[in-house]
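The working numbering runs 132 ahead of the 1-based position in the sequence shown.
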Amino acid sequence: MKKQGLFGTATFAALCALAINIFLAAPMAAQAPEIKEKPRMYSYVALWDLPRAHWPEYGQHLANTKPILDKALANGGIVAYGDDQTLVHTHDGYTHDSWWSAMSLAGVLNVLDAIYKSGSPQSQASVAATKHADFIFVTRFYNWKPGTYTGAYTEGSSYKLKPDAPDDAVEMMAKHAVGPVMEKLLADGAIVEWEIDTLAIHSEPPGTFWIFYIAPNAEGLDKVREAVREAFKSHPMLGPAWDSMTDYTHHRDDLARTNAVYK
133 MKKQGLFGTA TFAALCALAI NIFLAAPMAA QAPEIKEKPR MYSYVALWDL
183 PRAHWPEYGQ HLANTKPILD KALANGGIVA YGDDQTLVHT HDGYTHDSWW
233 SAMSLAGVLN VLDAIYKSGS PQSQASVAAT KHADFIFVTR FYNWKPGTYT
283 GAYTEGSSYK LKPDAPDDAV EMMAKHAVGP VMEKLLADGA IVEWEIDTLA
333 IHSEPPGTFW IFYIAPNAEG LDKVREAVRE AFKSHPMLGP AWDSMTDYTH
383 HRDDLARTNA VYK
């Protein structure tokens, strides 16, 4: 979508960023609590690409790490953990992942150290993987409902900021666009968790951010989509503002079945 004409690209981006604050802050505040920055939460994610014949073995891999994660959750070392199985596969993607979240980098790394010492990374599933990658994310905007969720759905969307996007672009989107919608969906029970992540360890070029949410059932996915469509419809400046700050050619979505525990 071209951003030319009366305003140059940088000016248009600045005006749209301002529009997010002016046009969205007041209306959405009436629908959900004010979105404020929270203490940093870190998440370690280990992704694996497993041949289909080895998918059952991943369950044993998870069983081996569960006692470590349960112990860390009980003693406050972490605040959540879970695993995902990809539903929409791509030729260069991953089939499975496991993850845990903590309120400090030390929290996630201490669990990783315990898992390595347990010998779990040498499990049959891990050895059989044709591809593997790790990420450490950090978020300041998130919320969840405590509980254990089995067979839920996680949708993750990645976006790339344009070079001239404001330094606080992710913060503005979180406070005035994404966060209010997600908080209302959380209150209504359509989702049980949401977060907006960036990389804490830049294993990829900076500028990418991710929006994740967990729905307890498939109906929740439809409710999220409807809420997003309504937000863009109700606030006409939201679409141009979003487009002015993100390069949509880099946008990708992921969908997975999830088991998760939140403290």
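Quick reminder that beta carbons are idealized off the backbone N, C-alpha and C, glycines included.
Are the beta-carbon atoms belonging to residue i and residue j less than 8 Å from one another?
i      : j      : result
Tyr174 : Phe273 : no
Leu293 : Ala306 : no
Val393 : Leu205 : yes
Ala234 : Gly209 : yes
Ile343 : Val310 : yes
Trp180 : Ala261 : yes
Trp232 : Leu194 : no
Tyr285 : Thr390 : yes
Tyr291 : Lys263 : no
Ser230 : Thr271 : no
Leu370 : Ala359 : no
Around the Cβ of residue i, are there at least 16 other Cβ atoms within 10 angstroms (buried) or fewer (exposed)?
i      : result
Leu219 : exposed
Gly279 : exposed
Thr282 : exposed
Pro312 : buried
Ala322 : buried
Thr381 : exposed
His308 : buried
Looking at C-alpha atoms only, which residue of the options is the closest neighbour of residue i?
i      : options                           : result
Leu237 : Val177, Asp224 and Trp276         : Val177
His228 : Ser250, Val240 and Pro183         : Pro183
Glu287 : Thr330, Arg172, Ala388 and Glu169 : Ala388
Val211 : Gln217, His367 and Gly239         : Gly239
Ser335 : Asp266, Thr378 and Trp326         : Asp266
Pro199 : Ala246, Asp329 and Lys170         : Ala246
Tell me, please, which residues DSSP counts as bridged to residue i.
i      : result
Gly288 : Phe344 and Asp386
Lys355 : BP columns for Lys355 are empty, so no partner.
Thr280 : Val393
Asp379 : Lys292
- With a cut-off of 8 Å, do at least 3 Cβ pairs link the stretch 314-324 to the stretch 340-355? yes
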